[in-house]
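J.: Okay, handing you the structure first.
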Amino acid sequence: MAAVVKASELRELSDEELVTKLREAKAELFNLRVQGATGQLDNNRRLQVIRREIARIYTIMRERELGLSAAPTEVTAS
Numbered sequence: 001m002a003a004v005v006k007a008s009e010l011r012e013l014s015d016e017e018l019v020t021k022l023r024e025a026k027a028e029l030f031n032l033r034v035q036g037a038t039g040q041l042d043n044n045r046r047l048q049v050i051r052r053e054i055a056r057i058y059t060i061m062r063e064r065e066l067g068l069s070a071a072p073t074e075v076t077a078s
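Per the UniProt record's numbering, the sequence shown runs over residues 1 to 78.
Set out below in structure tokens:
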């Protein structure tokens, strides 16, 4: 299980990396829900943590879409 990801760390990721992170979080949420349905879930708090992480990712994606924040630009060494 991964640690909590802060919004400032997510803002440093590119759009493609955010989409990848979103897919991973959704997959983990699905697995946790299956574990909960079968009675194998050990940590109920993890469900809330993952849902919040997904919400953070969606918020950052929406901020970029509206132009409120920009994706980090890659600096090339000259």
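Virtual Cβ for every residue (Gly too), placed ideally from N, Cα, C. Note that the structure is a prediction, hence the values are computed from the model and not measured.
Work out the CA separation of Gly-67 and Glu-25 for me, nearest whole Å.
T.: Here residue 25 refers to the residue found at position 25 of the sequence shown. Here residue 67 refers to the residue found at position 67 of the sequence shown. Position check: residue 25 holds Ala in this sequence, whereas Glu was assumed. Spanning the two alpha carbons is a distance of roughly 25 Å.
J.: Counting beta carbon pairs with one atom in the stretch 15 to 33 and one in the stretch 56 to 65, are three or more of them shorter than 8 Å?
T.: Below 8 Å, enough C-beta pairs join the stretch 56 to 65 and the stretch 15 to 33 to call them touching: three or more.
J.: Around the Cβ of Glu-53, are there at least 16 other Cβ atoms within 10 angstroms (buried) or fewer (exposed)?
T.: Looking up residue 53 in the sequence shown gives position 53. Result: buried.
J.: Between Ala-37 and chain B, is the shortest Cβ-Cβ distance under 8 Å, so that the two count as touching?
T.: Structure shown: chain B not included; a single protein chain is present.
J.: Would you please state the rounded distance, in angstroms, between the beta carbons of Arg-46 and Leu-32? I believe it to be under 8 Å.
T.: Mapped onto the sequence shown, residue 46 falls at position 46. Mapped onto the sequence shown, residue 32 falls at position 32. Contact holds; Cβ gap of about 6 Å.
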